[in-house]
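Asks:
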Amino acid sequence: EQAGKGEYDHFMLKEIHEQPTSLTQALEGRIDPENGRIALSDFEPGTFADVESVQLLACGTSYHAALYGSLALNQAGIQSTALLANEYSVSAPPIDDETLVIAVTQSGETADTLSALRQANAAGATTVTVTNVVGSTAAREADETLFIRAGPEIGVAATKTFSSQAVMLLLLGQCIAADHHGEPPADLETLLPALATMPDAIDGLLETSEADAIAEQYAHSQSYFFIGRGLGFSVALEGALKFKEITYEHAEGFASGELKHGPLALVTPDTPVFAVFTGEEDEKTLKNAEEAQTRGAPVVAVCPDDHRAVDVADEHLSIPETAPDLAGLLANVQLQLVSYHAADLLDRPIDKPRNLAKSVTVE
Ligand code: G6P
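Below, the structure written as structure tokens:
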């Protein structure tokens, strides 16, 4: 097992560092930045021409990637909802033959997600699985499959598969929008070059990250809060999930604007707030973070160096400038590192947290 970890102490850290490679593999032959095109040959052109609405189904970290993809679809003018697969049997929205259902599952074997996928298939939806595992049950049972090509992920806490899922959902969303509207979405011109430079951007971030120092500073706090808006909200949820999974400390993610509707009652000098800035009404998120700061909470801003939040926050985790749709994924890498280093300081069994399994095959 040690041999598989290479120079790293844990698979999780190795897999965090593999993200430049896993994203390069995910994008290989699928984007053509010079000609401003997506070349997603996984699907016949026009496959999604009749799609009027999209439901994304997933659990755990994959649900956060689904939320990311769903918001990007809505921004591209396609009505879309991310749903917890384990809630689907009791709360599925109506399906008709213009509904596309996307199952997002790293393993392709999560029982809750398979059950929801089967329900959607039976209801007559067109189904797509976004997965890492060729030959998995979800890949076999959906009408179409999009492989994220992240390579094996051993750590129970998903890292590189999250970023690859989110990026592939962004691409798939652009394809759906292009088929639906009959022309490529307007922001493709900025998205494609930024996607092509994502692996280098993550490499740079990994080299310079100060997440270890931040983790050390706050490793013995009472609770950890993560806030963000828009795509940044899904990143806040994922940041908190990662943190609780591997540190065993209490962590919660909130939409920035929700902080004042309840969670603020929990804020004290002993509850650091990680604020994710993704360029989506950042002024409002900054105001929300300041409300926590006024109550004594230290604020860690996750944003580019020249962002106004840097002057306001107590601490800063830097992300490179990128296209709006991708800032959250860079912020997420910083938060993965914070969780990893905090868990390491607390001496947790990082790759195999208690009570959790890599793939949950019972409902
Ligand atoms: C388990 C894992 C999580 C994962 C979830 C969904 O709970 O511990 O890390 O996000 O399953 O897994 P999937 O394979 O469907 O993406």
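Take the sequence shown: its letter number 306 is residue 547 in UniProt numbering, and every next letter is one higher. Idealized CB from N, CA, C, for every residue including glycine.
Compute the Euclidean distance between the alpha carbons of Gln316 and Glu430, then round it to the nearest angstrom.
Replies: 15 Å
Asks: Which residues does DSSP list as the beta-bridge partners of His491?
Replies: Ser464
Asks: Would you say the beta carbon of Thr378 is closer than 6 Å to some non-hydrogen atom of the ligand G6P?
Replies: no
Asks: Report yes if the CB atom of Ala313 is closer than 7 Å to the CB atom of Leu411, and no otherwise.
Replies: yes
Asks: Would you mind reading off the limits of the beta strand (DSSP E) that contains Asp343?
Replies: The residue asked about is misnamed: residue 343 is Ile in this sequence, not Asp. Taken as a continuous stretch (DSSP letters only), the beta strand (DSSP E) holding Ile343 covers Thr340 to Thr346.
Asks: Kindly confirm or deny that the segment 377-385 and the segment 350-360 touch, where touching means at least three C-beta pairs closer than 8 Å.
Replies: yes
Asks: Determine the contact status of Gly560 and Ala572, defining contact as a CB-CB distance below 7 Å.
Replies: Just to set this straight, residue 560 is Ile in the shown sequence, not Gly. Yes, they are a contact pair.
Asks: With hydrogens ignored, establish whether the beta-carbon of Gly392 is closer than 6 Å to any heavy atom of the ligand G6P.
Replies: No, since every heavy atom of the ligand G6P falls outside the 6 Å radius drawn around the Cβ of Gly392.
Asks: Between Gln347 and the ligand G6P, is there a pair consisting of the residue's CB and a ligand heavy atom that are separated by less than 6 Å?
Replies: yes
Asks: Near Ile591, what residues of its chain come up, given a Cβ to Cβ distance below 6 Å and the 5 sequence neighbours on each side ignored?
Replies: His251, Met253, Ile487 and Ala584
Asks: Leaving out the 5 sequence neighbours to the left and right, which residues in its chain are closer than 8 Å to Glu269 when beta-carbon positions are compared?
Replies: Arg390
Asks: I need the boundaries of the beta strand (DSSP E) containing Ser321, first residue and last residue.
Replies: Segment Gln320 to Leu325, the beta strand (DSSP E) holding Ser321.
Asks: Which ranges does the alpha helix (DSSP H) cover as unbroken runs of at least 4 residues, wholly within the UniProt domain "SIS" (280-423), from first to last along the chain?
Replies: 301-316, 329-332, 352-363, 378-382 and 401-422
Asks: Thinking C-beta only, is His557 closer than 7 Å to Ala452?
Replies: no
Asks: Should Ala399 be listed as close to the ligand G6P, given that the test is whether its C-beta is under 6 Å from any heavy atom?
Replies: Using a cutoff of 6 Å, the CB of Ala399 counts as near the ligand G6P, since one of the ligand's heavy atoms is closer than that.
Asks: For the segment 483-503 against the segment 517-535, do three or more pairs of beta-carbon atoms, one drawn from each stretch, fall closer than 8 Å, so that the two count as touching?
Replies: Yes, the segment 483-503 is in contact with the segment 517-535.
Asks: Give every residue of the same chain whose Cβ lies closer than 6 Å to the Cβ of Pro403, excluding the five residues on either side of it in the sequence, and list them in chain order.
Replies: Per the sequence shown, the amino acid found at residue 403 is Phe instead of Pro. Hits under 6 Å: Thr302 and Ala306.
Asks: Starting from the C-beta of Tyr489, find all residues in its chain whose C-beta is less than 7 Å away, skip the five residues before and the five after it, and write them out in chain order.
Replies: Arg589
Asks: Helix, strand or coil for His582? Go by DSSP, reduced to three states.
Replies: helix
Asks: Which residues bound the alpha helix (DSSP H) around Ala452?
Replies: Note, Ala452: alpha helix (DSSP H), Ala452 to Tyr459.
Asks: Leaving out the 5 sequence neighbours to the left and right, which residues in its chain are closer than 7 Å to Asp577 when beta-carbon positions are compared?
Replies: According to the sequence as given, residue 577 is Gln; it is not Asp. Taken in chain order, the residues that qualify are Ile257, Thr400 and Lys483.
Asks: Please name the residue in Lys593, Met409, Gly471 and Leu325 whose C-alpha comes closest to that of Glu604.
Replies: Leu325
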